[in-house]
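In the numbering used here, the protein residues as written are 17 to 222.
A virtual CB, placed ideally from N, CA and C, is assigned to each residue, including glycine.
Predicted, not measured: the structure shown is a model, and the values here were computed from it.
Working notes, beginning with the structure itself.
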């Protein structure tokens with residue numbers, strides 16, 4: 017890894033770590049509020065990134081600049097009320113949190129005057145990374161959140177979606193190799209980024 021790669025890694029790491037940690041904590045927090053203490057008892061409702069680290073995901077972050085965290089354990093049978101609705105809310109919490117991180121980063125950057133400094137660059141990367149993470153996780157393929165959201169929206173049990181989980185990684189590889197996954201992400205990414213940077217311009221110009 018040369019200096020430029022290391023420099024880029026230092027710029028993206030804060031936003032990526034914040035994004036995946038808060039994403040997983042959000043899943044666990046919502047599950048806990050619904051009556052399932054599994055994540056809390058496992059020590060996963062913490063902002064300390066160490067309990068969330070997946071060794072393979074960390075290696076991919078260092079090598080390929082993209083990675084993942086350990087999924088937060090959730091037992092839907094502990095939920096109060098409708099299990100299907102509970103799973104939908106837990107699944108939505110992760111991507112929604114990534115969008116909130118992107119929005120908060122955009123507001124902070126704007127309030128600071130949108131500076132072209134190290135902090136400004138980190139905040140810009142945090143915006144982009146978390147928007148990508150949000151819509152990446154909304155791809156409706158198991159084990160991503162999008163599949164659980166789809167199962168929660170469609171009528172019936174949608175057991176066929178859960179049965180696809182054993183093939184999920186293979187399906188995702190195919191989607192990324194063919195470019196279909198990036199087409200899905202970009203469909204939402206571009207207008208979201210444009211809206212966030214319009215907000216920055218409004219705040220800076222105020």
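Taking the CA atoms as reference points, residue 100 sits about 17 Å from residue 45.
The three-state reading of DSSP puts residue 69 in strand, counting E and B together. Counted as a single uninterrupted DSSP element, the alpha helix (DSSP H) harbouring residue 114 occupies residues 99-127. Distances from the CA of residue 66 to each of 141, 38, 213, 91 were compared; the closest alpha carbon is that of 38.
Distance from the CA of residue 216 to the CA of residue 173, rounded to the nearest whole angstrom, comes to 42 Å.
Counting only unbroken stretches of 4 or more residues, the alpha helix (DSSP H) elements lying wholly within the region 23-74 are 54-57, in sequence order.
Residue 127 and residue 219 have their C-alpha atoms spaced approximately 7 Å apart. Shown here for residue 187: same chain residues with a beta carbon closer than 6 Å to its own, the five before and five after excluded, namely 157 in chain order. Annotation: the continuous alpha helix (DSSP H) that includes residue 163 extends over 161-169.
By the C-beta density criterion, residue 113 is buried, having at least 16 other C-beta atoms within 10 angstroms. Its chain contains 111, 114, 115 as the residues whose beta carbon lies nearer than 6 Å to that of residue 150, once the 5 sequence neighbours on both sides are disregarded; these appear in chain order. Here the alpha carbons of residue 204 and residue 56 stand approximately 32 Å from one another. Residue 94 and residue 160 have their C-alpha atoms roughly 21 Å apart. With distances taken between CA atoms, residue 89 lies nearest to 103 out of 73, 97, 96, 103.
Between residue 75 and residue 152, the CB-CB gap reaches or exceeds 8 Å. Note on geometry: alpha-carbon atoms of residue 162 and residue 25 lie some 28 Å from one another. Distance check between residue 211 and each of 199, 167, 143, 194 places 143 closest, using alpha-carbon atoms only. According to the DSSP assignment, residue 141 belongs to the alpha helix (DSSP H) that extends over 134-153.
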